[in-house]
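Just so you know, we're using the numbering used here here: the first sequence kicks off at 8 and counts up by one. Yeah, the Cβ is synthetic: ideal placement off N, Cα and C, and Gly gets one too. Please read these numbers as outputs of a predicted model, since none were measured by experiment. Below is one structure, written out as structure tokens; comments come after it.
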Amino acid sequence: MAQENGNEQANERYEESELYRMRHSAAHVMAEAVLEQFPEAKLAIGPPIEDGFYYDFDLGRDEEGRPITFSEADLEQIEARMRQLLKKNAKFEASSLSIDEARGLFEDQPYKLELIEELARGKVDEMGNAIAEPVSEVGIYRHRDFVDLCRGPHVSFTKQVKANAVKLLRTSGAYWRGDENRTQLQRIYGTVWPNRVELEGYLKRLEEARARDHRRLGKQLGLFHISPLVGTGLPLWLPKGAVLRETLEQFLRQAQVERGYLPVITPHVGKLDLYIKSGHYPYYKESQYAPLDMDGEEFLLRPMNCPHHIEIYRSEPRSYRDLPLRLAEFGTVYRYEQSGELHGLTRVRGFTIDDSHLFVTPEQLEEEFVRVVQLIQYVFNTIGFSDFRARLGTNDPESDKYAGSPEMWEKGVDAIRKAADGLSMNYSVETGEAAFYGPKLDFIFRDALKREWQLGTVQVDFLLPERFELEYTGQDGERHRPVMIHRAPFGSMERFVGILIEHYNGAFPLWLAPVQAVLIPITDRHVDYARQVANQLRESGMRVEVDESGNRMGAKIREAQLQKVPYMLVVGDREEESGTVAVRTREEEDRGALPVEEFQAHALELIASHASEL
RNA sequence: GCCGACGUAGCUCAAUUGGCAGAGCAAUGCUCUUGUAAAGCAUAGGUUAUGGGUUCAAGUCCCAUCGUCGGCUCCA
Numbered sequence: 008m009a010q011e012n013g014n015e016q017a018n019e020r021y022e023e024s025e026l027y028r029m030r031h032s033a034a035h036v037m038a039e040a041v042l043e044q045f046p047e048a049k050l051a052i053g054p055p056i057e058d059g060f061y062y063d064f065d066l067g068r069d070e071e072g073r074p075i076t077f078s079e080a081d082l083e084q085i086e087a088r089m090r091q092l093l094k095k096n097a098k099f100e101a102s103s104l105s106i107d108e109a110r111g112l113f114e115d116q117p118y119k120l121e122l123i124e125e126l127a128r129g130k131v132d133e134m135g136n137a138i139a140e141p142v143s144e145v146g147i148y149r150h151r152d153f154v155d156l157c158r159g160p161h162v163s164f165t166k167q168v169k170a171n172a173v174k175l176l177r178t179s180g181a182y183w184r185g186d187e188n189r190t191q192l193q194r195i196y197g198t199v200w201p202n203r204v205e206l207e208g209y210l211k212r213l214e215e216a217r218a219r220d221h222r223r224l225g226k227q228l229g230l231f232h233i234s235p236l237v238g239t240g241l242p243l244w245l246p247k248g249a250v251l252r253e254t255l256e257q258f259l260r261q262a263q264v265e266r267g268y269l270p271v272i273t274p275h276v277g278k279l280d281l282y283i284k285s286g287h288y289p290y291y292k293e294s295q296y297a298p299l300d301m302d303g304e305e306f307l308l309r310p311m312n313c314p315h316h317i318e319i320y321r322s323e324p325r326s327y328r329d330l331p332l333r334l335a336e337f338g339t340v341y342r343y344e345q346s347g348e349l350h351g352l353t354r355v356r357g358f359t360i361d362d363s364h365l366f367v368t369p370e371q372l373e374e375e376f377v378r379v380v381q382l383i384q385y386v387f388n389t390i391g392f393s394d395f396r397a398r399l400g401t402n403d404p405e406s407d408k409y410a411g412s413p414e415m416w417e418k419g420v421d422a423i424r425k426a427a428d429g430l431s432m433n434y435s436v437e438t439g440e441a442a443f444y445g446p447k448l449d450f451i452f453r454d455a456l457k458r459e460w461q462l463g464t465v466q467v468d469f470l471l472p473e474r475f476e477l478e479y480t481g482q483d484g485e486r487h488r489p490v491m492i493h494r495a496p497f498g499s500m501e502r503f504v505g506i507l508i509e510h511y512n513g514a515f516p517l518w519l520a521p522v523q524a525v526l527i528p529i530t531d532r533h534v535d536y537a538r539q540v541a542n543q544l545r546e547s548g549m550r551v552e553v554d555e556s557g558n559r560m561g562a563k564i565r566e567a568q569l570q571k572v573p574y575m576l577v578v579g580d581r582e583e584e585s586g587t588v589a590v591r592t593r594e595e596e597d598r599g600a601l602p603v604e605e606f607q608a609h610a611l612e613l614i615a616s617h618a619s620e621l
């Protein structure tokens, strides 16, 4: 993905940019304002981030022992004070101190002391990033009476941050060092831009992003519904959403048939023993629905599909002639995510993975891996997704989260690297992002709100074949152990559709649109003709509705526009007499009358080619 | 799960310091028979998330539960 290099370069430039300095400096001035209002506040860290900055504070506890938090009024006051402080033109002065001097200077700032100790021991820097070497001196930045442990960079004078280009956005809790077992601090997020106009532009972009939020569009377009009575995180697919999802499923099924995948269908529950044997259970115990105890036997709502597919592999003796064996299923799984983690369709408790498990010989591994990546690229290209990056997730040798031998991991990572390099792909390598059973290559998409979502994934697995003692008979007549590839191009149908909604702002390409055309009869008199045309189009496989409401034509068009229906086919006396439809697209283009057959042929061609333009 | 904000009709939102729960859209009925983004009139729609409490009086104040939203954490 050529995208990624660009991003990395952009990030490097960002960290050296004036804007980055402004945001870093704004964080310091905000902390200064906070300290005025909360003199007892302890400072944690306050870095620039994409589009802004934050600073974390510990405000201590009230008489009842509850953490003191920022109110909305506090935020307004802090923001107002910050503006005043920016205008008073203080100079930012850098200097460095020995570790001991720094310990003295920050003696009543416990979080800073912890950072200083870690710098001295060479673990992490003041921003929390890993460093290689212990340091003997630490950087500090001072403006007025405010001093912070910091290596900069900053602007020279506070005035260089425009007071009218600063806005504090929100507060939230945030764990110290990102660790939920440690103190929860109070974070303030803010943003700074070079000037007021750019700030307003940014706020407008946020507003626009909210307008294309898939939860909002999902309601407006009648795609899905989440009922608290059914269960939070358990979406209900409405007819139009179901059509969209099934269309995607059909598309992938077809692509898989062409590539030698075989369908299987397996149940949504399995005995607990199955997951104990696979090793999934102890790893993910906390994020699973509790086992169902029936007559002394325990069953799990399945959190993944792999063990079921493995049992299919094991159902008969396998020969090298059977491999690669590619078993595919849209398999629904259940994971009890923490309540605060749920989010529309993109983070749910019951979802369907476009899952497949490939059982291959070690010799076939690399080639099969390449084919899977090519399938994923084909899927993304066809659907029109572009803002993706690829990530190679490896195990963290320090962590006990990962099973299997070092050789297994090495072989797996090696296979992925060879495959990705062979395809000339750009990818980042991230330690500690692997599955517990093996390394993986993930495809990560950025949504309208700039959040990143992992969609497609391909994983190499030497472990489960061992756990389940999988075998095949080789050409040599000996027993051999296959390797597994786990893969899901969409990742999950729920998440993928959620992202798809935002990507297209609800205006799906014709082939995916839940309703592809609406017939709009001008008066009651034309309803029969409209129905006749609709039926003709339906017989060719198109998804067509007739607007038989009592509305006037203008209102029917408005409704179809709001529903983002690709084609509006207006029919009145003229069309009925000539056997035509007056074609209008959602891009507000009146294309005039076309014979029904001509429109149909044109539309079917676009559908077949997965075209995104009408 | 944690921090904060919030929960009023199907949807979007009103309701002054605690004092009769409202509007637009959608729905239904009637009239109009209409040419490219909203016709008119009428009707119906509510245990103000749920449960408890304070008060002469609670949508409004307090407590709990459920849920939603923004973050944090997590994401097989």
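Near Ile529, which residues of its chain fall below 6 Å by C-beta distance, leaving aside the five closest residues on each side in sequence? Taking the first residue of the first sequence as 1, we reach residue 529 at position 522. Counting only Cβ-Cβ distances below 6 Å, and skipping sequence neighbours, we find Met560 and Gly579.
Would the beta-carbon of Ile360 fall within 8 Å of that of Val379? Translated into the one-based positions of the first sequence, residue 360 becomes position 353. Translated into the one-based positions of the first sequence, residue 379 becomes position 372. Going by beta carbons, Ile360 and Val379 fall outside the 8 Å limit.
Any idea if Gln261 is buried or exposed, counting beta-carbon neighbours within 10 angstroms, 16 or more meaning buried? As a working note, residue 261 is residue 254 in the first sequence. Gln261 is exposed by the Cβ-count criterion.
Three-state secondary structure assigned by DSSP to Arg149: On the first sequence, position 142 is the one that residue 149 refers to. Looking at Arg149 - three-state DSSP - the assignment turns out to be strand.
Backbone CA spacing between Ile614 and Arg550 [nearest angstrom]: By one-based count along the first sequence, residue 614 stands at place 607. By one-based count along the first sequence, residue 550 stands at place 543. When rounded, the distance between both Cα atoms is 11 Å.
For Pro490, which residues does DSSP report across the bridge? By one-based count along the first sequence, residue 490 stands at place 483. It is Val, not Pro, that sits at residue 490 in the sequence shown. According to DSSP, Val490 bridges with Val367.
Roughly how many angstroms lie between the CA atoms of Glu612 and Val603, to the nearest whole one? Position 605 of the first sequence, counting from 1, holds the residue named residue 612. Position 596 of the first sequence, counting from 1, holds the residue named residue 603. Computed Cα separation, rounded: 14 Å.
Classify Ala38: buried if its beta carbon has 16 or more other beta carbons within 10 angstroms, exposed otherwise. To locate residue 38, count along the first sequence from 1; it is residue 31. Buried: at least 16 other Cβ atoms inside 10 Å.
Let me know the secondary structure DSSP gives Arg5 once reduced to three states. Since the displayed the chain opens at 8 and closes at 621, residue 5 lies outside it and no answer follows.
Nearest CA to the CA of Gly419: which residue from Phe376, Leu430, Phe452 and Glu304? For the purposes of this step, residue 419 is taken as the residue at position 412 of the first sequence. Taking only the C-alpha atoms, the option nearest Gly419 is Phe376.
Nonlocal neighbours in the same chain, by C-beta distance under 7 Å from Arg110, ignoring five residues either side: As a working note, residue 110 is residue 103 in the first sequence. Result list for Arg110: Leu120 and Ile123, in chain order.
Using DSSP bridges, identify the partner residues of Leu576. Working through the first sequence from its first residue, we reach residue 576 at position 569. Paired residue(s): Leu526 and Val590.
Going by the DSSP bridge assignment, what does Ala2 pair with across the sheet? The chain is shown only over 8 to 621; residue 2 falls outside these bounds and no answer can be derived.
Count the other CB atoms within 10 Å of the CB of His31; is the residue buried (16 or more) or exposed (fewer)? Locating residue 31 in the first sequence gives position 24, where the first residue counts as 1. Per the 10 Å Cβ criterion, buried.
Per-residue DSSP class, three states only, for Val355: One-based indexing of the first sequence puts residue 355 at position 348. Reduced to three states, the DSSP call for Val355 is coil.
Ile283 classed as buried or exposed, judged by whether at least 16 other C-beta atoms fall within 10 angstroms: The residue you call residue 283 lines up with position 276 of the first sequence. When all chains shown are included, Ile283 counts as exposed.
Between the beta-carbon of Arg502 and the beta-carbon of Leu462, is there less than 8 Å? In the first sequence, counting from the first residue as 1, residue 502 sits at position 495. In the first sequence, counting from the first residue as 1, residue 462 sits at position 455. A contact, by the Cβ cut-off of 8 Å.
Tell whether a beta-carbon distance below 8 Å holds between His221 and His35. By one-based count along the first sequence, residue 221 stands at place 214. By one-based count along the first sequence, residue 35 stands at place 28. No. Outside cutoff.
Own chain, CB closer than 6 Å to His315, minus 5 neighbours either side, in chain order: If you number the first sequence from 1, residue 315 lands on position 308. Result list for His315: Thr273, in chain order.
Indicate whether Thr401 and Val436 have their beta-carbon atoms separated by less than 8 Å. Along the first sequence, read from residue 1 onward, the residue named residue 401 stands at position 394. Along the first sequence, read from residue 1 onward, the residue named residue 436 stands at position 429. With a cutoff of 8 Å on beta-carbon distance, Thr401 and Val436 are scored as near each other.
Please report how far the alpha carbon of Arg325 lies from the alpha carbon of Glu485, in whole angstroms. Mapped onto the first sequence, residue 325 falls at position 318. Mapped onto the first sequence, residue 485 falls at position 478. Their Cα atoms are separated by approximately 12 Å.
Run through DSSP, which three-state label would Ala262 get? Residue numbering aside, residue 262 sits at position 255 when the first sequence is read from its first letter. Helix, per DSSP.
Assign Asn558 to buried or exposed, taking buried as 16 or more other Cβ atoms, counted over all protein chains shown, within 10 Å of its Cβ. Looking up residue 558 in the first sequence gives position 551. Classification of Asn558: exposed, given that the 10 Å Cβ count is below 16.
Should His232 go down as buried or exposed, given a rule of 16 or more other Cβ atoms within 10 Å for buried? In the first sequence, residue 232 corresponds to position 225, counting from 1. The residue is exposed, with fewer than 16 neighbouring Cβ atoms inside 10 Å.
To the nearest angstrom, report how far apart Trp416 and Met491 are at their CA atoms. Reading the first sequence from its first residue, position 409 is the one you call residue 416. Reading the first sequence from its first residue, position 484 is the one you call residue 491. Between Trp416 and Met491, the C-alpha separation is close to 13 Å.
Beta carbon of Arg398 nearer than 8 Å to that of Tyr444: Taking the first sequence and counting its residues from 1, the one referred to as residue 398 is at position 391. Taking the first sequence and counting its residues from 1, the one referred to as residue 444 is at position 437. Their beta carbons are not under 8 Å apart, which means Arg398 does not touch Tyr444 by this criterion.
Thinking C-alpha only, which one of Leu621, Ala608 and Asp186 is nearest Asp597? Translated into the one-based positions of the first sequence, residue 597 becomes position 590. Ranking Leu621, Ala608 and Asp186 by Cα distance to Asp597 puts Leu621 first.
Per DSSP, cross-strand counterpart(s) of Asp554: Indexing the first sequence from 1 puts residue 554 at position 547. The partner list for Asp554 (beta bridge, DSSP) is empty, contrary to what the question assumes.
Could you check whether the region 184-194 touches the region 58-65, counting it as contact only if at least three pairs of C-beta atoms, one from each stretch, sit closer than 8 Å? yes
Flag this pair as yes or no: are the beta carbons of Ala541 and Leu517 separated by less than 8 Å? Within the first sequence, residue 541 is the residue found at index 534, counting from 1. Within the first sequence, residue 517 is the residue found at index 510, counting from 1. No, they are not a contact pair.
In its own chain, which residues sit with a C-beta less than 6 Å from the C-beta of Leu332, not counting the 5 before and 5 after it? Locating residue 332 in the first sequence gives position 325, counting from the first residue. These residues qualify, in order along the chain: Phe366.
Going by beta-carbon coordinates alone, are Gly248 and Gly351 separated by less than 8 Å? Numbered from 1 along the first sequence, position 241 holds the residue referred to as residue 248. Numbered from 1 along the first sequence, position 344 holds the residue referred to as residue 351. Not in contact: Gly248 and Gly351 (Cβ atoms no closer than 8 Å).
Compare the C-alpha of Ser294 against each of Gln543, Gly586, Phe387 and Met311 and name the closest. Working through the first sequence from its first residue, we reach residue 294 at position 287. Comparing Cα-Cα distances from Ser294 to each of Gln543, Gly586, Phe387 and Met311, the minimum goes to Met311.
Hey, would you say Ser363 sits closer than 8 Å to Leu330, going by beta carbons? Numbered from its first residue, the first sequence carries residue 363 at position 356. Numbered from its first residue, the first sequence carries residue 330 at position 323. Cβ atoms of Ser363 and Leu330: not closer than 8 Å.
Local Cβ density within 10 Å of Lys174, reported as buried at 16 or more and exposed below that: Within the first sequence, residue 174 is the residue found at index 167, counting from 1. Counting Cβ neighbours within 10 Å, Lys174 comes out buried, since at least 16 surround it.
Check the C-beta distance from Pro472 over to Arg488 and give it rounded, since I have them as a contact under 8 Å. Walking along the first sequence from the start, residue 472 turns up at place 465. Walking along the first sequence from the start, residue 488 turns up at place 481. The Cβ separation is near 5 Å, so the contact holds.
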